[in-house]
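Asks: Have a look at the structure that comes next, please.
There are 2 protein chains.
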Amino acid sequence: MKVKNYYKNLPHKTIERLSQYRRALLICLENGKTHIFSHEIASIQHITPVQVRRDLMLIGYSGTLRKGYNIQDLIDVISNIIDDEAGIKAAVVGMGNLGRALLKYIRGKRHKLEVVVGFDTSEDKIGKQYNGITCYSLDDLDRVVKEKDIKLAILTVPAAYSNDVADKLVKAGIKGILNYTPKPIRVPDEVYLEEYDMITTLEKVAFYIKMHQEEEEEEQQHSHDA
Amino acid sequence: MKVKNYYKNLPHKTIERLSQYRRALLICLENGKTHIFSHEIASIQHITPVQVRRDLMLIGYSGTLRKGYNIQDLIDVISNIIDDEAGIKAAVVGMGNLGRALLKYIRGKRHKLEVVVGFDTSEDKIGKQYNGITCYSLDDLDRVVKEKDIKLAILTVPAAYSNDVADKLVKAGIKGILNYTPKPIRVPDEVYLEEYDMITTLEKVAFYIKMHQEEEEEEQQHSHDA
DNA sequence: AATTTTATGTTATTTTTTTAACAAAACTTG
DNA sequence: CAAGTTTTGTTAAAAAAATAACATAAAATT
Ligand SMILES: NC(=O)c1ccc[n+]([C@@H]2O[C@H](COP(=O)([O-])OP(=O)(O)OC[C@H]3O[C@@H](n4cnc5c(N)ncnc54)[C@H](O)[C@@H]3O)[C@@H](O)[C@H]2O)c1
Ligand SMILES: NC(=O)c1ccc[n+]([C@@H]2O[C@H](COP(=O)([O-])OP(=O)(O)OC[C@H]3O[C@@H](n4cnc5c(N)ncnc54)[C@H](O)[C@@H]3O)[C@@H](O)[C@H]2O)c1
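Top to bottom, those sequences are chains D and E. For what it's worth, the working numbering labels the leading residue of the first sequence as 1488, then goes sequentially. For what it's worth, the working numbering labels the leading residue of the second sequence as 1488, then goes sequentially.
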C-alpha cells in the first residue's frame, strides 16, 4: 500500500486551507494558546467548523474530545504534509514593482520555502541585491537554476514576455510556476502551474457590488409598489 | 419575471472566466481578428471548448455555426454583464510596496473600474501623488469615500491593522473589499469580500512540486524492482 | 448517578462545477 | 448532390466541494 503518496489525493481546496490553518495556528501559538477548537479555526478563516474537521479527518489528524486540537502537534502534522523536507527554493523572475514587493514579502516567512534569487533582463537590475537577494541575468537562468537547485518560479515579467520566459523556465528544469502575469502560459503537464490575475479578481468584486446594488434598487421598487 | 438580476445566478467561476475571456478577446481584437472559435478561446485560457460554450450559453450569447463568435459583439455582451454602467470607483488602502505596485498596474486598464485615490497613515505618503493618484489620510476616509462615491477597496495595509481598517471601510460605506492582507477579515454580509493570500498559493505550488517529485521517486523504485 | 452540554469524527446528502454526449446546422469534398 | 466534417448549443452525467446529519465520548451540571 502506498504511504508516501497518500496525500496526493487530498482535494486542492484542502491543501489551500491547510496552509491557511497553519498560518492561523502559528499566530495562536505565539499568543500562548496550546489548544484550539474546530469552531475557533473556522471562525478565523470564516468557514464552517465541519469543514475544518473534515479537512483534518482527511489528513488523519485527531484532536481530543472537548479539548480540541493541540496547536503545536497540528502545525507539525500540517508541515509534514505540505512542506518538502529538504525545502523548496524559488526564484522571482522579473524584478519589477510586483516582483520586488513579493520578494520582500515572502522573505523569511517560511522555513521550507525560500526565494533565493531573482532574474531580470535590465542592466540596471542585474547584479544588484534586493532584500539580500541577488538579481541575475536571465541569460544565467539555466546555470543558476541548476547550481542552486531552484524548483519554483514566480513569474512577474511584462505580459508580452510571459510565454518566452515560461519556456526558458521549463527548459531550465523548473517544476512549478506561479504566474502573476495577466497572460496565461502553456507548460508541459509535469510542470505544476498556478495562475492568478488581479484584474479578474477585481472585476469579480465589482460585479458583485453591482449585483447587490441592483438587488437593493429592486427591493426599493417593491416597497414603493406596495 | 426578473430581468435585471438574471445574471445574479451565474456561477462564480463563470464570472471569473468572463473577465478572462474579455481580456483575451480584447487582445484578439487588437490583432485584427473579427471572429473566434470556442476552441481558440479555450486554448488561450487552457480550458476546454465545452466550458467556453457552456459559459456563453449561460449568458445567452449565440455565435454563428462554423464561423464562431463575433469578437466585438462578445466583448460588448460580457461588458454589459460584468461592468457597472456608471463605473465603479476603487481605493487602494495602504500605499506600501504592494499597494503602489497594484495602483500602477491597474491604472487605466479598465474603463468602468478605476482606482481614484489611495489612503495611508504615514505622514510621508499623505498628500503625495502616485501615478497621478492622491494619497489621503485614513482620517479622511469617510469624507473622501462619500465625496468620490468609492465602492471598492483594495486592502494592502500591514496585517496587524487589517481588521481595524476593514471596520472603518465598512463604516465609510464601502460595498466590496479585496483583501491582500494575509489576515482574514470579517465584514457584514452585504459587503462582498474576496481574499487572496500569496503565501497560500506559493505553498500550494510547492506542495504539488513535492508530490510530483515523490511520484517520480516511486516510479524509479518500481523500475528498479522490475 | 443520571442528564445535559459540548466537541469530535465519520458517513450521507446537497450543491457546485466540470466534462461528456449528441443533435442540428453550415460548410467542404468527392 | 450525398457523405463527411466542423462547430455550435443543450441536455445528461460525473467529479469535486461543501454542508448536513448523527453517533460517540468527555466533561459539566443537577
Ligand atoms: N504591479 C502589479 O501590482 C501587478 C499586479 C498583477 C500583475 N502584474 C503583472 O506582473 C508583471 C510585472 O508587473 P510590474 O508592475 O512589476 O512591471 P515592471 O515593469 O515594474 O517589472 C517588470 C520587470 O521585468 C523585467 N523584464 C522584462 N523583460 C524580462 C524578461 N524577458 N525576463 C526577465 N525579466 C524581464 C523588467 O526589467 C522589469 O524589471 C506584469 O506582467 C504585470 O502585468 C503586476
Ligand atoms: N508585498 C507583497 O508583495 C505582498 C504580497 C502579499 C500580501 N502582502 C500584504 O499586503 C500588505 C502590505 O504589504 P506591503 O509589502 O505593501 O507592506 P508595506 O509596509 O510596504 O506597506 C504598508 C503600508 O500601509 C500603511 N499603513 C500602515 N497602517 C495603516 C493603516 N492603519 N491604514 C492605512 N495604511 C496603513 C503603511 O504606511 C505602508 O505605506 C501586508 O499585509 C502584506 O502582508 C504583501
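Each residue gets a CB set at the ideal place from its N, CA and C atoms; glycine is no exception.
According to DSSP, which residues form a beta bridge with residue 1607 (chain E)?
Replies: In DSSP, residue 1607 (chain E) forms a bridge with E:1624.
Asks: Taking the alpha-carbon positions, what's the residue 1527 (chain E) to residue 1540 (chain E) distance?
Replies: Near 11 Å, if we compare the C-alpha coordinates of residue 1540 (chain E) and residue 1527 (chain E).
Asks: Is residue 1595 (chain D) near ligand 4, judged by its Cβ being under 8 Å from some heavy atom?
Replies: This structure lacks ligand 4; its bound ligands are ligand 1 and ligand 2.
Asks: Please tell me whether residue 1646 (chain E) and residue 1604 (chain E) are closer than 9 Å, where the distance is taken between their beta carbons.
Replies: Not in contact: residue 1646 (chain E) and residue 1604 (chain E) (Cβ atoms no closer than 9 Å).
Asks: Under three-state DSSP, which class holds residue 1497 (chain E)?
Replies: In the structure shown, residue 1497 (chain E) sits in coil (DSSP, three-state: anything other than H, G, I, E or B).
Asks: Does at least one heavy atom of ligand 2 sit under 8 Å from the Cβ of residue 1585 (chain E)?
Replies: Residue 1585 (chain E): yes, Cβ under 8 Å from ligand 2.
Asks: Of all the CB atoms in chain E, is at least one closer than 9 Å to the CB of residue 1536 (chain D)?
Replies: False, the Cβ-Cβ gap to chain E never drops below 9 Å.
Asks: DSSP state of residue 1430 (chain D), grouped into three classes?
Replies: No answer is possible for residue 1430 (chain D): it lies beyond the span of chain D, which begins at 1488 and ends at 1713.
Asks: Is the beta carbon of residue 1662 (chain D) closer than 9 Å to that of residue 1678 (chain D)?
Replies: Cβ distance < 9 Å, so residue 1678 (chain D) and residue 1662 (chain D) count as in contact.
Asks: Is the shortest distance between the beta-carbon of residue 1681 (chain E) and the beta-carbons of chain D less than 9 Å?
Replies: At least one chain D Cβ lies under 9 Å of residue 1681 (chain E).
Asks: Check each residue of the segment 1663 to 1675 of chain E: if its Cβ is closer than 7 Å to any Cβ of chain D, include it; give the result in chain order.
Replies: So the close ones are 1663, 1665, 1669, 1671 and 1673.
Asks: Specify the secondary structure class of residue 1572 (chain E) as computed by DSSP and reduced to three states.
Replies: Here residue 1572 (chain E) sits in coil by DSSP.
Asks: I'd like the span of the alpha helix (DSSP H) that includes residue 1528 (chain E), first residue to last.
Replies: Note, residue 1528 (chain E): alpha helix (DSSP H), 1525 to 1532.
Asks: Find the residues of chain D that neighbour residue 1698 (chain E), judging by a C-beta separation of less than 9 Å, and give them in chain order.
Replies: Per Cβ cutoff of 9 Å: 1492, 1494, 1495 and 1679.
Asks: Do you know how far the Cα of residue 1660 (chain E) is from the Cα of residue 1519 (chain E)?
Replies: Spanning the two alpha carbons is a distance of roughly 43 Å.
Asks: Mind checking whether residue 1638 (chain E) and residue 1622 (chain E) have CB atoms under 9 Å apart?
Replies: No; because the gap between Cβ atoms is not below 9 Å, this pair is not in contact.
Asks: Determine whether the Cβ of residue 1506 (chain E) lies closer than 9 Å to any Cβ atom of chain D.
Replies: So, interface residue.
Asks: Is residue 1697 (chain E) near ligand 1, going by C-beta to nearest heavy atom under 8 Å?
Replies: Outside the cutoff, so no.
Asks: Nearer than 8 Å: is that true of the beta carbon of residue 1578 (chain E) relative to any heavy atom of ligand 1?
Replies: The answer is no for residue 1578 (chain E).
Asks: Which value, in whole angstroms, describes the spacing of the CA atoms of residue 1562 (chain D) and residue 1556 (chain E)?
Replies: If I take the Cα positions, the gap works out to 51 Å.
Asks: For residue 1516 (chain D), which residues in the same chain have their Cβ closer than 8 Å to its Cβ, ignoring the five residues on either side in sequence?
Replies: These residues qualify, in order along the chain: 1558, 1559 and 1562.
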